[in-house]
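Only one structure is covered here, and it is reproduced in the block below.
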Amino acid sequence: MPRFWGKFDHMVRVHPVPLLAIGLIASFGTEFAAVALGAPDDADAAVLVIAPPWKGGPEAIVAEAGGWVVAPVNAPLSVMATGASLDAFKAAGAWFLLDPGAFRFFCVSG
């Protein structure tokens, strides 16, 4: 019988179930982390609004909720906003509302 794999004869086939399980665990873990971080309780505090990019993106969601964008203006899925209640952001179509202070480690400069 000819060898078709050459140097790859020693490769082990992996069953797809463990790979799917790892993907599901990572997916649910991310969802749990987003819920655990949550939004700030203070109504006047800035909140990280994560929204779909269609229908004008997160800036349009914030405007529809009656708030205003604090920063960043050119992010495709999220903006930091204030000026509206958490319920108004959710009703306008926001996917997640998170505390922006939880992500300070992404914004370190120097």
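Okay, so the sequence shown: first residue is 1 according to UniProt numbering, each after it adds one. Idealized CB from N, CA, C, for every residue including glycine.
Stretch pair the segment 69-82 + the segment 40-60: three plus CB contacts closer than 8 Å:
yes
In terms of alpha-carbon separation, which member of Ile25, Lys90, Leu20 lies closest to alanine 60?
As a working note, residue 60 is residue 60 in the sequence shown. Selected option, being the one with the closest Cα: Lys90.
Excluding sequence positions up to five away, which residues of its chain have a Cβ less than 6 Å from the Cβ of lysine 55?
Counted from its first residue, the sequence shown places residue 55 at position 55. Taken in chain order, the list of residues that qualify is empty.
Can you say whether leucine 19 is buried or exposed, counting buried as having 16 or more other CB atoms within 10 angstroms of its CB?
The residue you call residue 19 lines up with position 19 of the sequence shown. Classification of leucine 19: exposed, given that the 10 Å Cβ count is below 16.
Determine the direct distance from the alpha carbon of arginine 13 to that of glutamate 31, and round the result to whole angstroms.
To locate residue 31, count along the sequence shown from 1; it is residue 31. To locate residue 13, count along the sequence shown from 1; it is residue 13. Whole-angstrom Cα-Cα distance: 30 Å.
Look at the alpha carbon of valine 62 and the alpha carbon of aspartate 87, and state the distance between them as a whole number of angstroms.
Working through the sequence shown from its first residue, we reach residue 62 at position 62. Working through the sequence shown from its first residue, we reach residue 87 at position 87. Cα to Cα, the separation comes out at about 12 Å.
If you draw a straight line from the C-alpha of alanine 33 to the C-alpha of alanine 21, how long is it?
Along the sequence shown, read from residue 1 onward, the residue named residue 33 stands at position 33. Along the sequence shown, read from residue 1 onward, the residue named residue 21 stands at position 21. Straight-line Cα distance between these residues: approximately 18 Å.
In angstroms with no decimal places, state the Cα-to-Cα distance between glycine 101 and tryptophan 68.
Locating residue 101 in the sequence shown gives position 101, counting from the first residue. Locating residue 68 in the sequence shown gives position 68, counting from the first residue. The straight-line gap from Cα to Cα measures roughly 18 Å.
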